[in-house]
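**Student:** This is the structure, below, for whatever I ask next.
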Amino acid sequence: MESKEIKLDDTQHVATKSPSGFSIIWREIVRDKIALVSLILLVLITSFVYGISLFLNQDEIVTVDLFAIHEPPGEDFLLGTDYGGRDIFGQLIIGTRNSLSIGILVTLMTGVIGVLYGLVSGYFGGTIDNIMMRIVDFFLILPFLMIVIVFVAIVPKYSVLSFSLIMTAFLWMGIARLIRSKALQEKELDYAQASKTLGSSNLKIMLTQVLPNLSSLIIVTMTLNLAANIGLESGLSFLGFGFPESTPSLGTLLSYARNPQTLEYRWWIWVPAAVLILVLMLSVNNVGQALKRATDARQRRG
Amino acid sequence: MWKFIVRRLFITLPQVILLSVLIFLMAQMMPGDALSGLIDPNIDPAAIEQQRENLGLNNPWYVQYTDWITGALQGDLGQSFRYKMPVTELVEQRLINTFWLSVATLLITYIIAIPLGITSGRYNDSWADQMITGYTYIGFATPLFIFALVMLWVFGYQLGWFPTGGSVAPGLEPGSFDYVLSKLQHLLLPAISMALITTVNTVQYLRSEIIDTKQKDFIITARAKGASESRVYNRHILRNSLLPIAAFFGFEITGLIGGTVFVENIFGYPGMGDLFIQSILLRDYSVVTAVVLLFGIASILGALISDIILSLVDPRIRIK
Amino acid sequence: MAFLKVEDLKVHFPIKGGLFNRTIGAIKAVDGVSFEIEQGKTYGLVGESGSGKTTTGRAIVGLNEITEGKITYEGEELNIKGKAIDPRRDIQMIFQDPYSSLNPKKRVLDIVAEPLRNYEKLSRKEERQRVHELLEQVGLSPESILKYPHEFSGGQRQRIGVARAIALKPKLIIADEPVSALDVSVQAQVLNFMQDIQKELNLTYLFISHDLGIVKHMCDEIGIMYKGRYVESGTKQDIFNSPQHIYTKRLVAAIPDIDPKKREEKKQFRQEVQTEYEQSYNDYFDNEGLAYGLQSVSDTHLVALPEKG
Amino acid sequence: MSKELLEIKNLKTSFRIKDDYYAAVDDVTLTLNKNEVLGIVGESGSGKSALAFSVMGLHNRAKIEGNIHFKDADIANISPAKLNKLRGDDMAMIFQDPLTALNPLMPVGDQIAEAILLHKKDMSTKQRRNKVVDLLNKVGIPRPEHTYDQFPHELSGGMRQRIIIATAIANQPELLIADEPTTALDVTIQAQILDLIRDLKEDMNAGIILITHDLGVVAEMADRVAVMYAGQIVEIAEVGALFDNPLHPYTRSLLNSMPSEDEAQDKLHVIQGIVPSLQNLPRKGCRFAARIPWVEESAHEENPELHEVTPGHFVRCTCHNHFYFPDESKEEQANGVS
């Protein structure tokens, strides 16, 4: 922290960017205790959830059992049951797996679309950029949540796939915009110009020269997006516009709390899911923030 | 500056048109007739087709679009087939409720954000900063709907400090002091819940803006002039960092819209967001269309306001 | 036939504005520039910021689109719109900033081999061999091959930039302010070295700089630019011993003299030039404050003056 | 007291990097008289700017040892309130980059007025505005009334630097520190700004410290010159003496590496090696030794100090007695020195 206030006249001798970004990122995470704990927690939860869910039968868990309605936690059911007599623990595991999976899927899809779109827009600039960014601006202004809900409600043959496509369709603009503004700066730098004089094609410059310099930004943004997407999916499922009924998600469990009775008296149904979402999002966010610090030299701690 | 504003308005118009086209297309995909709300979407498709024919709703798309826009411009957003009343009437009271909820939320957002952001940025790396940063991390990671649920559970049900639904206690005479007080009481908990979460963005932004400005060369110039630390802060750092925050104002509106959908639903607060969810569930599509259109226009105007404020406060844009 | 011939080159950038963000005017970055360079010589292009010297260089190497005019290289026209014959093998560029001109994420091997990979199909082994040779040629140790740019000092980085530029054995090198980002002691290193490889490879330089001292040291012929136009061109002797245009005189007068004893003399000279500038401004600049067309005052010496008569 | 305006004694300015302190300025002792221009030359990393910031008390977290006597105060040990009284009033600074040194969101006139406001509290707003307009006139801004309300981005680089200068001279300082005042400017503008500084000096009777990497600028402007290398002053002398008879190997190498007026010389002298970074400074011995390896080790002092060779001409280390350029023979060299 001391170093950033220093006014030296040899600042140009200090390397501003390091190529081996990964080692810095790793060092930053290890140094940052909270981020390290978050990372470990994340790895544990993920492997636990995916591991256990291999042994669980989703169909069995979502089958209604009228003899076991609203059972509190006990021997038969580790975390009790819901209004349909379904095992909360099983739903929790499957739900977390589903939420995580769709979060990752949507993050990857929006990431690919956004990065490519932003790269093209920023690299070519001019009129192309102008038009492409107007489109992004428009999408960004839309009342995104409502439009997604409307689409979820009216799409015929609604499935997990269509849900993730709808989310992707309205979520790629943020990263596109970010990548575009960075690409716009990078392509003006002499190294990209030099590549042109050395005979490299635009495509080659874009992918092999400019893109590597955006990698840390992409990693950071995607990590933070992952957290946001998990939150968003569970939010939509909470409102009843996320996963279809047969596919439990963390949001589905929370939506039971919209019933005041459940909210007030049957905490075991919704509190574990709430805690799990919080832990997941906090962990992913902490890792993301640590990555951000690692890649932003001004905020770096060491 | 006028040139900038006029040019900005020229971008706004196509945005509104594009929005209306998008909503029109969405309405076409909905069963029944989402523009007029004259047909029950729950009857079988053949019967819907029959009714559409009878009501003259199968005109070419451009005629339908023009009719709809003309109507909307005159304040006619069709009929709600559930409530059997014009959508405009249905929306009116709800719009007012959501408006007050938003105003309260924005106020609380800034009341929290400005002192926290300033403290955190000015004394960065102090314990106070670490506490505030910790809060922003948690706030950033917490989904609004979970937080709102917990707030309702704790302050509404467990402690009973706030009402757990509605926008006003029944039986009070509109305009009376008690009525206003009850309104305030009803919107306070949702507003606080929303503000506590949305404010973290502003806090973080203000903090990093202040830290950035602190390291600018002109701060050294100010010190070299003999300005005391407090003057350097008040005159140069704060002023320069708060201006972009002012410009954020309009964009907050877009964020609020998403928030009201959750918060109104959880607190049973009869506003636009609640109406939206109810209407979707009731398949009352003309209302859905109207709500999305209104919120879309609000977002576009919000962005417009932000850009105009920015052009007013930043001479680099103002003079172009 | 001239080695490189630039005829009436114009590079204009559109100014967007007005309500619809249409093109409402143009920045005439380069506005009718003509010159020739002989093979094996160093031609200096001098001017202050905004004079268009860098844009001229970038237009020759193909980084800026030409609005009007013709650039001929060994008799072939370059940068024809639509179909461009590739001059890039023969014409290369050295950039001003040794920090941003090397991709921070690439190793020296990848940086220097980039042109080879584009034009020559070499095996990995051959490629490595060539990069080794090139690094040796610019005086860097072969171990550098796997290092990243940030591990080098400014002068060393500039050498890597040169190694990359000479990889394809070019004939013409556009050097855009190659030493202005470097310290005095490092400047000398790079300048010496540029002269060495010039002899070795029979290179032609277009040396773009704002520093008349360095230009005097390096160049055979010099062109002086002001606001996108030439004000004067000639041999080194022409420019430094008998500057004709008032702008050239101002430039020469403005260079601080390293000899403190000449201080008064220099100050007086500057004042004289200033007086002349104020009194005879209209003899040198047109209504828009731009230079006139070039008139020749000797075989080698051209000055921008209003046409006689 | 003597006529000395500023007296710096054994100044050491260190920065903390990780857990260690590194001295960017080390053992600097110098004086500045009234109406004198002291040039400080050095390459990047020489500590010249760190020195200027120390004198102005602008370092936030540096450790400063030694004394900086100015007026009745010691700036190395001074309370913030007292320092703020001096800064902008009795001493002022001109910065390198006139764009970033100005607040982008404040009219330039107000930025100059701030300097007056802070030290002349009894002036009315109107008086202050008039004063600023006078100042703008004085630094050669053509339409001062109009320029007062303009913002920095509307002005050219040269104009911005004039604004900075107007701010610095607003209260007629006795000490003016110019940190690379012309580096960011074009040559013709540089000449104008240097002329302006010179004229102002005569006017104000102030002492000026001019920091630059450009030996030409020093030769034109300075009365005395200090050459800095790796945080230390290696040579200090009257300007004539320094350019006629440079002694320290670094000074001589630097002068030799510049393209000279006469074209006879074909090759420029190259100083071997690179300027060591702050963390890699040699902690003892002659700091320049590594860059002149052909000079025997015995030529250097163990703890190099400044020696007065002729009156007023100081050189650090004894190596200058044994220095020669590798491409000359030793005898030639010996003749050259005497």
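Chains as they are written, first to last, in the UniProt record's numbering: chain P, 1 to 302; chain E, 1 to 320; chain B, 1 to 309; chain S, 1 to 338.
The C-beta atom is built at its ideal place from N, Cα and C for all residues, glycine as well.
Which residues in chain S have a C-beta closer than 9 angstroms to the C-beta of glutamine 96 of chain B? List them in chain order.
**Tutor:** Along the third sequence, read from residue 1 onward, the residue named residue 96 of chain B stands at position 96. The contacting residues do not exist; glutamine 96 of chain B stays about 15 angstroms from chain S at best.
**Student:** Does valine 154 of chain E come out as helix, strand or coil in the three-state DSSP assignment?
**Tutor:** Taking the second sequence and counting its residues from 1, one reaches residue 154 of chain E at position 154. Of the three classes helix, strand and coil, the one that applies to valine 154 of chain E here is helix, per DSSP.
**Student:** Which whole-angstrom value describes the C-beta separation of lysine 249 of chain B and proline 243 of chain B, a residue pair presumed to lie in contact below a C-beta threshold of 8 angstroms?
**Tutor:** The count along the third sequence starts at 1 and reaches residue 249 of chain B at position 249. The count along the third sequence starts at 1 and reaches residue 243 of chain B at position 243. Confirmed, about 5 angstroms.
**Student:** Answer yes or no: do glycine 226 of chain E and aspartate 110 of chain S have a C-beta to C-beta separation smaller than 8 angstroms?
**Tutor:** Position 226 of the second sequence, counted from the first residue, corresponds to residue 226 of chain E. Position 110 of the fourth sequence, counted from the first residue, corresponds to residue 110 of chain S. Going by C-beta atoms, glycine 226 of chain E is not nearer than 8 angstroms to aspartate 110 of chain S.
**Student:** Who are aspartate 40 of chain E's beta bridge partners in DSSP?
**Tutor:** In the second sequence, residue 40 of chain E corresponds to position 40, counting from 1. According to DSSP, which records beta bridges pairwise, aspartate 40 of chain E is partnered with nothing at all.
**Student:** If we count the other Cβ atoms within 10 Å of its Cβ and call it buried at 16 or more, is histidine 245 of chain B buried or exposed?
**Tutor:** As a first step, residue 245 of chain B must be located in the third sequence, where it is residue number 245. With 16 or more Cβ atoms within 10 Å of its Cβ, histidine 245 of chain B is classed as buried.
**Student:** Within this structure, are the beta carbons of threonine 221 of chain E and phenylalanine 95 of chain S separated by less than 8 angstroms?
**Tutor:** Counted from its first residue, the second sequence places residue 221 of chain E at position 221. Counted from its first residue, the fourth sequence places residue 95 of chain S at position 95. For threonine 221 of chain E and phenylalanine 95 of chain S, yes; Cβs fall inside 8 angstroms.
**Student:** So, using beta-carbon positions, are valine 41 of chain S and threonine 212 of chain S closer together than 8 angstroms?
**Tutor:** Residue numbering aside, residue 41 of chain S sits at position 41 when the fourth sequence is read from its first letter. Residue numbering aside, residue 212 of chain S sits at position 212 when the fourth sequence is read from its first letter. Yes, the pair counts as a contact, with Cβ atoms nearer than the cut-off.
**Student:** Which whole-angstrom value is the C-beta distance of asparagine 33 of chain S and glycine 207 of chain S, which I expect to be below 8 angstroms?
**Tutor:** As a position in the fourth sequence, residue 33 of chain S is number 33, starting the count at 1. As a position in the fourth sequence, residue 207 of chain S is number 207, starting the count at 1. The pair is a contact, with the Cβ atoms about 6 angstroms apart (cut-off 8 angstroms).
**Student:** Taking the alpha-carbon positions, what's the lysine 83 of chain B to glycine 199 of chain P distance?
**Tutor:** The residue labelled residue 83 of chain B in the question sits at position 83 within the third sequence. The residue labelled residue 199 of chain P in the question sits at position 199 within the first sequence. Here the model assigns lysine 83 of chain B a pLDDT of 46, short of 50, so the residue's position is not dependable and the matter cannot be decided.
**Student:** Does phenylalanine 207 of chain B pass the burial test, meaning 16 or more other C-beta atoms within 10 Å, or should it be called exposed?
**Tutor:** Within the third sequence, residue 207 of chain B is the residue found at index 207, counting from 1. Result: buried.
**Student:** Which of the three DSSP states, helix, strand or coil, is assigned to glycine 69 of chain B?
**Tutor:** For the purposes of this step, residue 69 of chain B is taken as the residue at position 69 of the third sequence. Strand at glycine 69 of chain B.
**Student:** Would a check of beta-carbon distances place lysine 267 of chain S closer than 8 angstroms to chain B?
**Tutor:** Here the question's residue 267 of chain S lines up with position 267 in the fourth sequence. Yes, contact with chain B.
**Student:** Considering only their Cβ atoms, is the gap separating aspartate 284 of chain E from serine 80 of chain E smaller than 8 angstroms?
**Tutor:** Position 80 of the second sequence holds residue 80 of chain E. Position 284 of the second sequence holds residue 284 of chain E. Taking 8 angstroms as the Cβ cut-off, serine 80 of chain E and aspartate 284 of chain E qualify as a contacting pair.
**Student:** Three-state secondary structure (DSSP) at glycine 32 of chain B?
**Tutor:** By 1-based counting over the third sequence, the position of residue 32 of chain B is 32. It is a strand residue.
**Student:** Give the residues of chain S in contact with phenylalanine 218 of chain E, contact being defined as C-beta atoms less than 7 angstroms apart.
**Tutor:** Your numbering for residue 218 of chain E matches position 218 in the second sequence. Result: Thr100, Ala101, Leu102 and Asn103.
**Student:** Grab me the residues of serine 296 of chain B's own chain with a C-beta within less than 6 angstroms of its C-beta, minus the 5 sequence neighbours each way, in chain order.
**Tutor:** Mapped onto the third sequence, residue 296 of chain B falls at position 296. So the list reads Leu302, once near-sequence residues are dropped.
**Student:** What residues of chain S sit near leucine 243 of chain E, judged by a beta carbon separation below 7 angstroms?
**Tutor:** In the second sequence, residue 243 of chain E corresponds to position 243, counting from 1. Chain S residues near leucine 243 of chain E: Leu105.
**Student:** Between P/Arg266, P/Arg97 and P/Leu226, which has its C-alpha nearest serine 283 of chain P's C-alpha?
**Tutor:** Counting from 1 along the first sequence, the entry for residue 283 of chain P is found at position 283. Nearest of P/Arg266, P/Arg97 and P/Leu226 to serine 283 of chain P, Cα basis: P/Leu226.
**Student:** Could you tell me the boundaries of the beta strand (DSSP E) in which asparagine 67 of chain S lies?
**Tutor:** Within the fourth sequence, the letter at position 67 stands for residue 67 of chain S. Asparagine 67 of chain S -> beta strand (DSSP E) spans 63-70.
**Student:** List in chain order: all unbroken alpha helix (DSSP H) runs of 4+ residues lying wholly within the stretch 95-153 of chain E.
**Tutor:** Taking only runs of at least 4 residues, the alpha helix (DSSP H) segments lying wholly in the stretch 95-153 of chain E are 127-141 and 144-151.
**Student:** CB-CB under 6 angstroms to tryptophan 172 of chain P, same chain, minus the five flanking residues each way: which ones, in chain order?
**Tutor:** In the first sequence, residue 172 of chain P corresponds to position 172, counting from 1. Within the same chain, tryptophan 172 of chain P has close Cβ partners Thr110, Ile113 and Gly114.
**Student:** Note the first and the last residue of the continuous beta strand (DSSP E) segment covering leucine 204 of chain B.
**Tutor:** Reading the third sequence from its first residue, position 204 is the one you call residue 204 of chain B. According to the sequence shown, residue 204 of chain B is threonine rather than leucine. Taken as a continuous stretch (DSSP letters only), the beta strand (DSSP E) holding threonine 204 of chain B covers 204-209.
**Student:** Whose CA, out of B/Gln137, B/Ile145, B/Tyr230 and B/Met225, lies closest to the CA of leucine 294 of chain B?
**Tutor:** Translated into the one-based positions of the third sequence, residue 294 of chain B becomes position 294. Leucine 294 of chain B has its Cα closest to that of B/Tyr230, out of B/Gln137, B/Ile145, B/Tyr230 and B/Met225.
**Student:** Using a Cβ-Cβ distance under 8 angstroms, would glycine 82 of chain B count as near chain S?
**Tutor:** Along the third sequence, read from residue 1 onward, the residue named residue 82 of chain B stands at position 82. With a pLDDT of only 47 at glycine 82 of chain B, under the threshold of 50, the placement of this residue in the model should not be trusted, and no figure is reported.
**Student:** Once DSSP output is grouped into helix, strand and coil, what is the label at glycine 234 of chain B?
**Tutor:** Position 234 of the third sequence, counted from the first residue, corresponds to residue 234 of chain B. Note: glycine 234 of chain B maps to strand in three-state DSSP.
**Student:** Taking the alpha carbon of valine 11 of chain B as the point to measure from, which residue in B/Pro170, B/Asp31, B/Lys216 and B/Ser123 has its own alpha carbon closest?
**Tutor:** Against the third sequence, residue 11 of chain B aligns to sequence position 11. Ranking B/Pro170, B/Asp31, B/Lys216 and B/Ser123 by Cα distance to valine 11 of chain B puts B/Asp31 first.
**Student:** How would you label asparagine 303 of chain S, buried or exposed, when you count the other beta carbons within 10 angstroms and need 16 or more for buried?
**Tutor:** Here residue 303 of chain S refers to the residue found at position 303 of the fourth sequence. Exposed: under 16 other Cβ atoms inside 10 Å.
**Student:** Just to check my reading of the structure: residue 334 of chain E and leucine 310 of chain E have Cβ atoms closer than 8 angstroms, yes? What is that Cβ distance to the nearest angstrom?
**Tutor:** Past the edges of chain E, shown from 1 to 320, lies residue 334 of chain E, and the structure says nothing about it.
**Student:** Does any CB atom of chain P fall closer than 8 angstroms to the CB of leucine 275 of chain E?
**Tutor:** By one-based count along the second sequence, residue 275 of chain E stands at place 275. So no, leucine 275 of chain E is outside the interface.
**Student:** Give the DSSP-derived three-state secondary structure of arginine 283 of chain E in the structure shown.
**Tutor:** Residue mapping note: residue 283 of chain E aligns to position 283 of the second sequence, counting from 1. Residue state, collapsed to three classes: coil.
**Student:** Determine the burial state of residue 329 of chain E: buried for a count of at least 16 other Cβ atoms within 10 Å of its Cβ, exposed for fewer.
**Tutor:** Outside the modelled stretch of chain E, which goes from 1 to 320, sits residue 329 of chain E, for which no answer is possible.
**Student:** For a test of the three-state rule: what should DSSP assign to methionine 173 of chain P, helix, strand or coil?
**Tutor:** In the first sequence, counting from the first residue as 1, residue 173 of chain P sits at position 173. Of the three classes helix, strand and coil, the one that applies to methionine 173 of chain P here is helix, per DSSP.
**Student:** At a CB distance below 9 angstroms, what residues from the stretch 47-63 of chain B approach chain P? Give them in sequence order.
**Tutor:** Result list: Arg58, Val61, Gly62 and Leu63.
**Student:** Does lysine 187 of chain P get closer than 8 angstroms to chain B when you measure Cβ to Cβ?
**Tutor:** For the purposes of this step, residue 187 of chain P is identified with residue 187 of the first sequence, where counting begins at 1. Not one chain B Cβ lies under 8 angstroms of lysine 187 of chain P.
**Student:** Grouping DSSP H, G and I as helix and E and B as strand, with all else coil, what is lysine 284 of chain S?
**Tutor:** Within the fourth sequence, residue 284 of chain S is the residue found at index 284, counting from 1. In the structure shown, lysine 284 of chain S sits in coil (DSSP, three-state: anything other than H, G, I, E or B).
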